[in-house]
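Residue numbers for the sequence shown follow our numbering, beginning at -5 and rising by one.
Quick reminder that beta carbons are idealized off the backbone N, C-alpha and C, glycines included.
Since this is a predicted model, take the numbers as computed values, not measurements.
Here's the structure, in structure tokens; my notes come after.
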Amino acid sequence: MIEFIKKCETKCSRIFEKIDQISLINQQKVLKAFQNNRVSGRHFAPSTGYGYGDDSRDTLDKVFAEVFDAESAIVTPMLASGTHALATAFFGLLRPKDLLLSVTGKPYDTLLDVIDGADGSLADCGVRYAQVELKNGHPNLTAIKNNIKKYKPKVVFLQRSRGYDWRHTLSISDIGDIVRVVREADFDGCIMVDNCYGEFTMEQEPCAVGADIAVGSLIKNPGGGLAPTGGYIAGKQIYVDKIAARLTAPGIGREVGSYAGDYRPFYQGLFVAPHTIAQALKGSALFGMAFEELGYETLPQAKTVPNDITRAIKFGDKDILIKFCQDIQASSPIDGNAVPYPWDMPGYNDQVIMAAGAFVQGSSIELSCDAPIREPYIAYLQGGLTYEHTKIALTNSLKNLSSK
């Protein structure tokens, strides 16, 4: 087993070199943003009540805006999850009779109820919805252009990561191509990107290639494994202000919002994020190489640099899928003795099994794995704070797989 993994590591060497290059570029970008905004110890101080004049909060917004090539940003623990951040952005940008057009097919499961299906959804508020299906796992640029002209949407939505679909994650180049086609169709509204799982995996972020809004969770990539909660929304000032009015109240926006905890984990998490993401990407590449060597299909393919921190592994067998997730849990530093089983998780159409022995509950930048229990039984592996931990988890998983 040790020799097999060494062989896989050797085959990943060029991928590892590229990941290190990307990490260095992003670390320089983050460091410069900290320095340009004169971050100091006083910016870790908490606030209470309304949070008027919370310089810690306001400076964190500015640092994120610079890092994400945006005019403005909202970074707050008041956003409970990535889905909450996305929903807040939708409700801030869309009005009754407006149309939301997803150009990357069906969104992630938890967004389906936000769009239509739950009380208080966009549909309940009179917002219409349409989507452009992918073509062979990739954006269909011709269909996107035609649908822009057909529907005349108010917001064009891109989901960067694959969610629970067997498709390619969008690269920054892919996002740039979609932006170009959308603008060529005379669209002058907001192009919004679900950036979850993709931050710092490449040298640029979506706003650098023309996206108007990028949204994500702080317990994924940009929190670096240290942020205890929260989300971010970054982009053009005019759109960020509209979303801020929905986050709090019209006429108030970002003037209020206190945090009685310590801001340091948010700043420090962002600072270490480029390195942490590199660790997760290397672990993902190693898993991909090992399982492809054993004859399994994975996305992304093993010899490519991942565009996000998720790795899809197609098992084709329900029992093996469940056992794989249980093995990941058994390799976790927290709740390693727990045994996950599929269950009816709120917001999902299928039973879901989730392995997540994390320091921060539900943190996807920490090594975790989840899967809907449906054919062809695909596991979605993500995160890994250290490459060494991911390598240990891979070793344990392969031992149990070979034993089975």
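Counting the other CB atoms within 10 Å of its CB gives P334 a total of 16 or more, which places it among the buried residues.
Ranked by Cα distance from T70, the first of Q262, L212, D188 is L212.
When Cβ pairs closer than 8 Å are counted between the two stretches, the stretch 273 to 288 is seen to touch the stretch 7 to 25, the count reaching three or more.
The beta-bridge partner set that DSSP reports for D364 consists of M348, Y374. In the DSSP assignment, R248 falls outside any alpha helix (DSSP H) and carries neither an H nor an E. In the three-state reduction of the DSSP assignment, G282 falls in the helix class. DSSP places V187 in the strand class (E or B) of the three-state scheme. By the criterion of a C-beta distance shorter than 6 Å, E291 is surrounded in its chain by K308, once the five residues flanking it on both sides are discounted. Two segments are said to touch when three or more pairs of C-beta atoms, one from each, lie closer than 8 Å; by this definition the stretch 234 to 245 does not touch the stretch 258 to 273. For the pair G157 and P336, the Cα-to-Cα distance works out to about 18 Å. Excluding five sequence positions before and after F38, the CB atoms of its chain that fall closer than 8 Å to its own CB belong to S50, D256, Y257, R258, Y261, given in chain order. Taking C-beta separations shorter than 7 Å and ignoring five residues to either side along the sequence, the partners of C201 in its chain run F62, D63, A64, A208, A228, G229, following chain order. Per DSSP, reduced to three states, the secondary structure at S115 is coil, with no helix or strand assignment. Contact between G310 and V266 does not hold, since their C-beta atoms are separated by about 37 Å, which reaches or exceeds 8 Å. Here the alpha carbons of G120 and V24 stand approximately 40 Å from one another. For the beta strand (DSSP E) assignment, the uninterrupted runs of no fewer than 3 residues enclosed by the stretch 80 to 149 are, from N- to C-terminal side, 93 to 96, 122 to 125.
Take the alpha-carbon of L293 and the one of Q376: they are about 12 Å apart. Exposure of E(-3) is indicated by the presence of fewer than 16 other C-beta atoms within 10 angstroms of its C-beta. Taken through DSSP and simplified to helix, strand or coil, E291 comes out as strand.
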